[in-house]
């Protein structure tokens with residue numbers, strides 16, 4: 025019994041030390057990477073019509089070399105983006121989008137289309153693009169229509185990824201040690217059952233950690249881009265209104281407000297008319313009664 029307990033304590037101590045070492049290495053790698061975008065993304069973004077004013081879009085690390093990994097740790101970063109596109113021909117643009125996704129080696133995770141009769145056609149796609157093609161894909165979206173808006177986010181999960189890897193490795197060693205203890209069978213039956221329970225728990229933890237590792241690997245190997253495409257004939261990109269246009273807009277808004285106020289006043293009168301009529305009956309009766317009483321008093 026003492027031998028089993030002593031072995032368990034040593035193994036658990038070893039597991040804790042291994043996880044801390046992995047966390048330190050991941051922290052160093054995360055600091056060095058600074059969540060910088062892929063090289064293709066950094067070099068592809070310049071002045072694009074999808075941004076107001078046509079200003080160039082640059083990343084801080086655009087002209088810098090990719091961040092070096094620390095102690096062989098590969099930076100793990102989750103990239104996500106949301107893009108809204110307007111096109112003259114929905115069918116042609118959606119076909120171009122499908123072809124672009126295939127060209128970049130990605131796939132469609134979710135898609136929804138709205139083709140209601142009498143309304144402009146629209147659709148939404150959630151696509152997964154290899155992280156190496158992430159920047160090129162966003163740039164190529166300008167070819168399917170006018171990019172109204174583009175939002176990008178990144179999350180550095182390097183520390184968590186390395187932590188999970190280290191946890192799996194240490195749990196695997198712990199599992200092997202438990203198996204060895206079971207093969208020896210030097211303790212009592214009660215001790216053997218306790219070791220089997222711990223072995224089952226460790227194997228459950230390993231499966232859970234492996235699932236999390238697969239999730240992080242998928243999220244960091246493939247970026248997630250949500251594209252909303254809507255159809256609008258003869259679409260004109262928004263621009264800053266001129267002084268004359270602002271005056272005309274103010275005049276039109278004032279006339280509309282005046283018209284709405286008049287309509288509300290008429291509606292209020294119509295709504296109150298029945299109540300006024302009902303309230304007028306007793307008031308009129310009281311007035312007539314008072315006048316009759318005054319006439320009677322005036323007669324000698």
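Residue numbers (the working numbering): 25 to 324. We put the CB at the ideal spot given by N, CA and C, even for glycine. Predicted, not measured: the structure shown is a model, and the values here were computed from it.
Thinking C-alpha only, which one of the options is nearest residue i?
i, options, result
"residue 216", "233, 267 and 206", "206"
"residue 139", "307, 124 and 148", "148"
"residue 170", "317, 314, 267 and 257", "257"
"residue 137", "313, 263, 208 and 255", "255"
"residue 243", "115, 273 and 184", "184"
"residue 129", "135, 245, 116 and 224", "245"
"residue 221", "208, 235, 199 and 238", "199"
"residue 145", "114, 160, 126 and 127", "114"
"residue 325", "125, 187 and 176", "Residue 325 falls outside the range modelled here, since the chain spans only 25 to 324, and no answer is possible."
"residue 193", "224, 231 and 291", "231"
Compute the distance between the beta-carbons of residue i and residue j, then report whether it is under 7 Å.
i, j, result
"residue 247", "residue 103", "yes"
"residue 105", "residue 249", "yes"
"residue 110", "residue 172", "yes"
"residue 191", "residue 233", "yes"
"residue 229", "residue 195", "yes"
"residue 181", "residue 240", "yes"
"residue 174", "residue 107", "yes"
"residue 101", "residue 178", "yes"
"residue 97", "residue 203", "no"
Quick check on the DSSP output: the alpha helix (DSSP H) that includes residue i runs from which residue to which?
i, result
"residue 193", "182-208"
"residue 160", "158-164"
The beta strand (DSSP E) that contains residue i, what's its start and end?
i, result
"residue 125", "Careful: residue 125 lies outside any beta strand (DSSP E), inside the alpha helix (DSSP H) at 114-127."
"residue 168", "Here residue 168 belongs to no beta strand (DSSP E), and DSSP marks it neither H nor E."
"residue 147", "146-154"
"residue 110", "101-111"
"residue 132", "131-138"
Tell me whether residue i, by its Cβ, gets closer than 6 Å to a heavy atom of the ligand ZN.
i, result
"residue 157", "In the structure shown, the ligand ZN is absent, as is every other ligand, since no ligand is present at all."
Taking 7 Å as the threshold (beta carbon to beta carbon), is residue i in contact with chain B?
i, result
"residue 309", "Absent here is chain B; the protein component of the structure consists of one chain."
*Which parts of the region 223-301 are runs of the alpha helix (DSSP H), unbroken and 4 residues or longer, counting only runs that do not cross its ends?*
none
*Report yes or no: do three or more beta-carbon pairs, one from the region 143-157 and one from the region 117-131, lie closer than 8 Å?*
yes
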